[in-house]
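Encoded as structure tokens, the structure appears first; notes follow it.
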Ligand SMILES: [Zn+2]
């Protein structure tokens with residue numbers, strides 16, 4: 005035998021439905037459509053948050069003014085001779101690497117540390 009609930013009665017032109025939120029049984033005439041499309045009982049019905057509908061002015065992404073960065077400054081590392089000062093170039097050399105100011109002969113290098 006099926007157990008009858010408080011909404012299991014005959015009301016002409018009405019029918020039993022379940023609330024989309026709480027899942028309890030109601031008569032169809034007791035449910036209302038909520039802003040998100042759910043059919044729900046009076047306890048679960050709520051108005052849409054008004055701030056969902058706020059229209060803000062479009063935000064401007066670009067800065068109001070700008071200027072280009074200064075050209076980079078490159079300092080050569082080629083001269084090993086302490087008497088030859090490093091050369092500062094700007095803009096960088098055409099080949100994209102550090103400028104070779106003076107070819108270095110390995111025999112001219114000062115003696116490095118010796119290892120056993
Ligand atoms: Zn409900």
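Residue numbers (the working numbering): 5 to 120. Here a beta-carbon is modelled for each residue, glycine too, at the ideal position from N, C-alpha and C. Keep in mind the model is a prediction, meaning the values are calculated, not measured.
Distance, residue j Cα to residue i Cα
i: residue 111; j: residue 73; result: 42 Å
i: residue 58; j: residue 19; result: 38 Å
i: residue 33; j: residue 41; result: 16 Å
i: residue 31; j: residue 51; result: 21 Å
i: residue 14; j: residue 5; result: 18 Å
i: residue 63; j: residue 23; result: 41 Å
i: residue 65; j: residue 39; result: 33 Å
i: residue 87; j: residue 76; result: 25 Å
Cβ neighbour criterion (16 or more within 10 Å) applied to residue i
i: residue 44; result: buried
i: residue 16; result: exposed
i: residue 35; result: buried
Rounded distance between the beta-carbons of residue j and residue i, thought under 8 Å
i: residue 56; j: residue 25; result: So it is not a contact: roughly 18 Å between Cβ atoms.
Environment of ligand 1 in chain order, Cβ to heavy atom below 6 Å: 23, 25, 26, 28, 44, 45, 47, 48
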